[in-house]
Amino acid sequence: MSCEDFEDDVVDLARGEELGDAERTEALAHAEECLRCAARLDDERAVTSGLRAFAARTAGAEAPPRVEAALLRALRDPQSVERGGAATTSPSRAVELLLLAAAAAILAAIVVAPPRAGSFPEPAPPRATAGSATTVAGGAAAAPAAGENADFVSLSYGEDLRELDSVQVVSVELPRTALAALGWPGADSAQTGSVKAEVIVGHDGVARAIRFVD
Amino acid sequence: MPETVTPSDHDLLLGLRDGDEAAFTALYRRWQGPLYRYALRVSGSPALAEDVTQEVFMALLRRNEGYDPGRGELSSYLHGIARNLARRRIERERGHLPLADEAGPDDPLADLVRRERTDLVWEGILGLPLHYREVVVLCDLQGLSYEEAASAVGCAVGTVRSRLHRGREQLGARLRSARPMPAAAPMPRMTR
């Protein structure tokens, strides 16, 4: 066996799979005679051993129980499956989407009201936050109102917006699919177009509350 | 005493087509672990892995008929869906994937991920180009054969072999540059 042939087999040899007995024997015999190929085999074996140890350490990782529960809800409501709506969105994914929306809002800066303190409408209690996304996807919850008189809906638990030193109200347009991804009541991922909203953004740039204006 | 027969994936899929919740639950419990681990290992993000796992089964609910047993094992089919979903998210959110640090302090999985993310092997895997990383994860961590991985990725077996070769080569180089490699098992002496 040449060094080139050995190189073709070295991964299979180190993985201990996919190589016939005769080829394996021939490759091992070559490694015993060739220092360079023996070192190459040692390297590949070390990679195999590192990967196997890592696989063993992460072998117990499983999806959290809320995923199964959400899927069973979807199974019982075939229409939601047809619509393609996600049964749940992981909490950090929902937060991430909100932050992305806020970042997009700041960058777009379509309309920026002058900073003001404590003059915005008092937000309603949290109704569609990351943690509650799983409960609204089935459409059981009533959709929040939209329009000029709609309440702002807090995007985080346990924070009193009146305590913020300064905020900005930013007008944004979000794709309707983003609402479904957030688990917004009544939102449908199959919907197209966009929806206008106002986002209360703190001085740190983080979105604190949102309301839809159409 | 009657012998307990474990239903095959195919039987469970047929049950699922009839809306059998027990069949879906059995199928989910059989495959959620491997699919979750695939997405987690390839992305390093528990949030992405959770979303991908859910979306794979949502896809199965929507288009159960899409699986053709004649074209390969269910494992390949499901890994293929997971691979496409994970790839789309990884490419879209490059550099912005939520990692375990965003999870709660009492989440044991987050603890595991935080610990493992400091592991050079995982860092090395996550540093590989995505097309190499997918194949290393599928073959070396998920235990798929070359044929199964080729079916999941949608390429030829030769391509899988070549990507695995290159991916492992790059991983080995990263590990060697970061620390002394762990001692490999002694090479067995072969007798003819």
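If you're matching them up, the sequences are chains P and R in order. Heads up: the first sequence begins at 1 in this note's numbering, then just goes up one per residue. Heads up: the second sequence begins at 215 in this note's numbering, then just goes up one per residue. Positions of the beta carbon are idealized from the N, C-alpha and C atoms, including for glycine.
Checklist entry - Looking at chain R, which residues of the segment 51 to 63 of chain P have a Cβ within less than 7 Å of any of its Cβ atoms? => result 51, 54, 55, 57, 58, 61, 62, 63
Item to check | Residue-level contact to chain R via CB, residue 47 of chain P, 8 Å cutoff | outcome: yes
Item to check | Listed by chain order, chain P residues near residue 267 of chain R by CB distance under 8 Å | outcome: 63, 67
Checklist entry - Grouping DSSP H, G and I as helix and E and B as strand, with all else coil, what is residue 133 of chain P? => result Per-residue confidence for residue 133 of chain P stands at a pLDDT of 31, beneath the threshold of 50, marking its modelled position as unreliable; the derived number appears in the next sentence. Helix, per DSSP.
Item to check | Interface residues of the segment 374 to 386 of chain R facing chain P [CB-CB below 7 Å] | outcome: 378, 379, 382, 385, 386
Next on the checklist: At the 8 Å Cβ level, is residue 5 of chain P part of the contact set with chain R, yes or no?
Outcome noted: no
Item to check | Per-residue DSSP class, three states only, for residue 384 of chain R | outcome: helix
Checklist entry - Below 8 Å between beta carbons: does that hold for residue 240 of chain R and residue 226 of chain R? => result yes
Checklist entry - Using the beta-carbon count (16 or more within 10 Å), is residue 289 of chain R buried or exposed? => result buried
Item to check | chain R contact residues for residue 75 of chain P, given Cβ-Cβ distances below 7 Å | outcome: 235, 238, 275
Checklist entry - So the alpha helix (DSSP H) residue 47 of chain P belongs to, where does it begin and stop? => result 35 to 57
Next on the checklist: Rounded to whole angstroms, what is the Cα-Cα separation between residue 250 of chain R and residue 33 of chain P?
Outcome noted: 44 Å
Checklist entry - Residues of chain P with CB under 9 Å from residue 255 of chain R, in chain order? => result 54, 55, 58, 61
Next on the checklist: DSSP has residue 341 of chain R in a bridge; who is on the other side?
Outcome noted: According to DSSP, which records beta bridges pairwise, residue 341 of chain R is partnered with nothing at all.
Next on the checklist: Is there a C-beta anywhere in chain R that falls below 8 Å from the one on residue 140 of chain P?
Outcome noted: Per-residue confidence for residue 140 of chain P stands at a pLDDT of 35, beneath the threshold of 50, marking its modelled position as unreliable; the derived number appears in the next sentence. It does not; no Cβ of chain R falls within 8 Å.
Checklist entry - What in chain P is Cβ-close to residue 344 of chain R, meaning under 9 Å? => result Going along chain P, no residue has its Cβ under 9 Å from residue 344 of chain R, so there is no contact; the nearest lies around 17 Å.
Checklist entry - What is the DSSP secondary structure of residue 254 of chain R, reduced to helix, strand or coil? => result helix
Checklist entry - From this set, R/306, R/366, R/339, R/390, which residue's C-alpha is nearest residue 281 of chain R's C-alpha? => result R/366
Checklist entry - How many whole angstroms separate the CB atoms of residue 378 of chain R and residue 47 of chain P, which I take to be in contact at a CB cut-off of 8 Å? => result About 11 Å; that fails the 8 Å criterion.
Next on the checklist: For residue 300 of chain R and residue 359 of chain R, what's the separation of their Cα atoms in angstroms?
Outcome noted: 20 Å
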